[in-house]
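In what follows, a single structure is set out as structure tokens and then discussed.
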Amino acid sequence: MSVGIGKAIATGFAQAGAQSVSILGRREGRLIAAVADIRAAAINAASVVGYEVADLLKREEVDRAFQSILAQTGNIEILVCNAAVLPAVGPLSGYDADQFMNNFSINVLSTFNTLQAFLPLAPPNATIINITAAAAHIVPMPGASAYAVGKAASLKMVDYFAAENPNLHIVSMQPGTVATDMTDLPGHFCVWLASPEARFLKNKIIWANWDVDELVARSGEIENLRLLTCGLNGVPM
Numbered sequence: 001m002s003v004g005i006g007k008a009i010a011t012g013f014a015q016a017g018a019q020s021v022s023i024l025g026r027r028e029g030r031l032i033a034a035v036a037d038i039r040a041a042a043i044n045a046a047s048v049v050g051y052e053v054a055d056l057l058k059r060e061e062v063d064r065a066f067q068s069i070l071a072q073t074g075n076i077e078i079l080v081c082n083a084a085v086l087p088a089v090g091p092l093s094g095y096d097a098d099q100f101m102n103n104f105s106i107n108v109l110s111t112f113n114t115l116q117a118f119l120p121l122a123p124p125n126a127t128i129i130n131i132t133a134a135a136a137h138i139v140p141m142p143g144a145s146a147y148a149v150g151k152a153a154s155l156k157m158v159d160y161f162a163a164e165n166p167n168l169h170i171v172s173m174q175p176g177t178v179a180t181d182m183t184d185l186p187g188h189f190c191v192w193l194a195s196p197e198a199r200f201l202k203n204k205i206i207w208a209n210w211d212v213d214e215l216v217a218r219s220g221e222i223e224n225l226r227l228l229t230c231g232l233n234g235v236p237m
């Protein structure tokens, strides 16, 4: 959460007046720099902006980080799962198995540990925003299997977590490919996803570049049908 889309999301919440914003990551130098930028963007001078150094592949570090944040802020209402790695592109045949599984582990286990650590601390109706990718649910793109498989597994895991914890408001967001530092769109879209207006998107998959007004206009249709979910087309199940 110290660079790119993750930092933009944290900045968006600070700009929206969040009482506290906390980010996690492995590199303390980047975290310190990100916190300074996020704090400068906050419209609420009383906002608590902080960081915790944690390797999300190590459950004990994630637990410690969440306990520390809770002690400082008193409550964690919104969780954004953003950790991921973009593996090298290459065909499945000939791809190094160790590299493939390492990429898979990062893209799945980081979210797994984060969800497990957050659940005991989550207040009723807490919000979880899972940052997914188009590769997880669109037609296959040759060469992208190492990334797509991990993100697809993570997406399905979040689906199960949502089904097992129906009190939580969980949304998966595809932020788009951001080729520049202009990451405001997915950052601000995440803030909207956490708002009361977006409650109809519970357990849905959403793209950050979709029109909010059009989504709201179709909220009844989206909420009551299997739209914006992964499934088998043509079969009502």
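For the sequence shown, position 75 matches number 75 in the UniProt record's numbering, and the numbering has no gaps at all.
Beta carbons are placed, not taken as given, at the ideal position from N, Cα and C, and that holds for glycine.
Residue i and residue j closer than 8 Å at C-beta
i           : j           : result
residue 43  : residue 17  : yes
residue 173 : residue 111 : no
residue 57  : residue 113 : yes
residue 22  : residue 69  : yes
residue 77  : residue 127 : yes
residue 186 : residue 208 : yes
residue 52  : residue 33  : no
residue 176 : residue 82  : no
residue 204 : residue 169 : no
residue 228 : residue 165 : no
Which listed residue (the options) has its alpha carbon closest to that of residue i
i           : options          : result
residue 54  : 99, 31, 168, 165 : 31
residue 46  : 14, 151, 124, 66 : 14
residue 122 : 94, 9, 192, 63   : 63
residue 117 : 236, 141, 24     : 24
residue 60  : 160, 109, 10, 86 : 109
residue 29  : 20, 9, 50        : 50
residue 75  : 159, 91, 125, 41 : 125
residue 232 : 224, 4, 137      : 137
Minimum Cβ-Cβ distance from residue i to chain C less than 8 Å
i           : result
residue 159 : Any reference to chain C falls outside this structure, which holds one protein chain only.
CA-to-CA distance, residue j to residue i, given in whole angstroms
i           : j           : result
residue 97  : residue 73  : 42 Å
residue 197 : residue 212 : 10 Å
residue 149 : residue 95  : 13 Å
residue 230 : residue 143 : 22 Å
residue 199 : residue 100 : 36 Å
residue 206 : residue 189 : 10 Å
residue 226 : residue 194 : 21 Å
residue 67  : residue 234 : 45 Å
residue 167 : residue 218 : 23 Å
Environment of residue i [buried if 16+ CB atoms lie within 10 Å]
i           : result
residue 36  : exposed
residue 183 : buried
residue 221 : exposed
residue 93  : exposed
residue 130 : buried
residue 79  : buried
residue 38  : buried
residue 191 : buried
residue 236 : exposed
Residues of its chain near residue i, where Cβ-Cβ distance is below 7 Å and the 5 sequence neighbours each way are ignored
i           : result
residue 85  : 103, 106, 107
residue 135 : 141, 144, 147, 148, 151
Neighbourhood of residue i by C-beta, 8 Å cutoff - its chain only, sequence neighbours within 5 removed
i           : result
residue 210 : none
residue 19  : 44, 46, 47, 48, 73
Neighbourhood of residue i by C-beta, 6 Å cutoff - its chain only, sequence neighbours within 5 removed
i           : result
residue 216 : none
residue 115 : 161
residue 89  : 143
residue 154 : 107, 108, 111
residue 9   : 80, 187, 190
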